[in-house]
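J.: There's a structure below that I have some questions on.
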Amino acid sequence: LLSNLIISHAMSFHIETPLIYSHALSKLTETKIYLKLECLQPSGSFKDRGMGYMCKNLKENGAKYFVSSSGGNAGHSAAYIARMLNTPIKVIVPTSTKKNMIDLIKAQGAEVEVYGDNWNIADEKAQSIVNSGKKAAYIPPYDSPLLWKGHSSLVDEIVRTNIKPDAIVLSIGGGGLLCGVYKGLERHNWKDVKVIGVETEGTGSFNISYKANKLVRLDKIDSIATSLGALEVTQEALKYKNEISTQSHVVTDLEALNACKNFLNDHRILVEPACGAALALAYSIEKAKLLSKYSTVIIVVCGGSGVSLKYLSEWEKQMQK
């Protein structure tokens, strides 16, 4: 039965988020725009879906200790889930991690170690700890079937609203959310729904791989949307993009930032530029035309903890230089 495949809400650490109609964005795009408000999750982002499912599964299978390698929303979410499971966690973050994010992770009770200039180096450290023989379980930020299955619950919730979109718009970092949406669409036989992935110009690892039809690794991340900063997307994302109709678009940092500001004005919700990337497809006058051909569009407002009015102002000044 399909009900046996759908992840039980009672067994999770995320909430069922609202799907709301956006009058402002519908007017801009001349189509019906709905917003899936993942920014309302306990840790502030969609990550709670996959992290909750994965960590619970690993603990039930004997894990006594978690090790994560993200200085972003994944690390914050993993720390939140570990606290809820009463399980120790160590989060390895690169030196580029902002102090406010380190503080948020520590506030969840996690041990934090700052190591390496980028996420890849921090991740190697995390995996070395897990491989040292302790009963520690490795918690990746985006590349795991357990994470994807957890994230797919987002589609289950959309299905229950009886609102079937022609397209789903989402931001892409390493591809965890993307794969979760793919899995959910496949489970519900909604493979006719278009998936539209958005990145910023300095984080477009999916876009460049999409065009080449093979994994291509970026040399560096160059964007204020650091939560999208994966040098390489998961291979699973490329596999599915050939099975479910997918588009890939990039926006500028300025477009992502302006989308955050406009979204704050229109919906009184503050989100990261990483989330602003998806919203920019509707807020940008030129790019909004891409959505107008669909009758119903859902934008996943993925959220993010690494944002404040102060950071928004600093990013704006950075864009003006």
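Just so you know, we're using our numbering here: the sequence shown kicks off at 6 and counts up by one. Every residue gets a Cβ at the ideal spot worked out from N, C-alpha and C, and that includes glycine. Keep in mind the model is a prediction, meaning the values are calculated, not measured.
I think E206 touches V255, with their Cβ atoms under 8 Å apart; what is that distance to the nearest whole Å?
T.: Going by Cβ atoms, the distance from E206 to V255 rounds to 5 Å, so yes, they are a contact pair.
J.: Can you give me the start and stop residues for the alpha helix (DSSP H) that G55 sits inside?
T.: It spans 52-65 - the alpha helix (DSSP H) in which G55 sits, taken as one unbroken run.
J.: Whole angstroms are fine: how far does the CA of R222 sit from the CA of L236?
T.: Cα to Cα, the separation comes out at about 5 Å.
J.: According to the neighbour-count rule (16 or more other Cβ atoms, all chains shown, within 10 Å of its Cβ), is R54 buried or exposed?
T.: Answer is buried; the Cβ neighbour count reaches 16.
J.: Could you name each continuous alpha helix (DSSP H) segment of 4 residues or more that falls completely within the segment 229-298, going from the start of the chain to the end?
T.: Fully enclosed alpha helix (DSSP H) runs of 4 or longer: 240-246, 258-272, 278-288.
J.: May I ask whether a heavy atom of the ligand COA can be found less than 8 Å away from the beta carbon of K69?
T.: The ligand COA is absent from the structure shown, which contains no ligand whatsoever.
J.: In or out: Y288 buried (at least 16 other Cβ within 10 Å) or exposed?
T.: Buried, because 16 or more other Cβ atoms sit within 10 Å of the Cβ of Y288.
J.: Please list the terminal residues of the continuous alpha helix (DSSP H) segment that includes K216.
T.: Taken as a continuous stretch (DSSP letters only), the alpha helix (DSSP H) holding K216 covers 210-217.
J.: Are there 16 or more other CB atoms within 10 angstroms of the CB of H28, so buried, or fewer, so exposed?
T.: With fewer than 16 Cβ atoms within 10 Å of its Cβ, H28 is classed as exposed.
J.: Whose C-alpha, out of D171, K111, N125, is nearest the C-alpha of Y39?
T.: That would be D171, whose Cα lies nearest to the Cα of Y39.
J.: For D258, does the count of other Cβ atoms within 10 angstroms reach 16, so buried, or fall short, so exposed?
T.: By the neighbour-count rule (16 or more Cβ atoms within 10 Å), D258 is buried.
J.: Can you find the residues in the same chain that come closer than 6 Å, C-beta to C-beta, to Q323, ignoring five residues on each side of it along the sequence?
T.: Around Q323: no qualifying Cβ.
J.: Measure from the alpha carbon of M315 to the alpha carbon of each residue in K266, G308, L90, G67, then state which is nearest.
T.: Note that residue 315 is Lys in the sequence shown here, rather than Met. The shortest C-alpha separation from K315 is found at K266.
J.: Among the residues of its own chain, which have a CB less than 7 Å from the CB of V312, if the five just before and after it don't count?
T.: Cβ within range, chain order: L275, V276, E277.
J.: Would you identify the three-state DSSP class for A172, choosing helix, strand or coil?
T.: A172 falls in the strand class under three-state DSSP.
J.: Where does Y26 land, buried or exposed, given buried means 16+ other C-beta within 10 angstroms?
T.: By the neighbour-count rule (16 or more Cβ atoms within 10 Å), Y26 is not buried but exposed.
J.: Contact defined as beta carbons within less than 8 Å: I believe I97 pairs with E65. What is the distance between those atoms, to the nearest angstrom?
T.: Not a contact, Cβ separation roughly 24 Å.
J.: Where are the beta strand (DSSP E) runs, 3 residues long or more, that stay fully inside the segment 112-164, in chain order?
T.: With a minimum length of 3 residues, the continuous beta strand (DSSP E) runs that stay inside the segment 112-164 are 116-119, 141-144.
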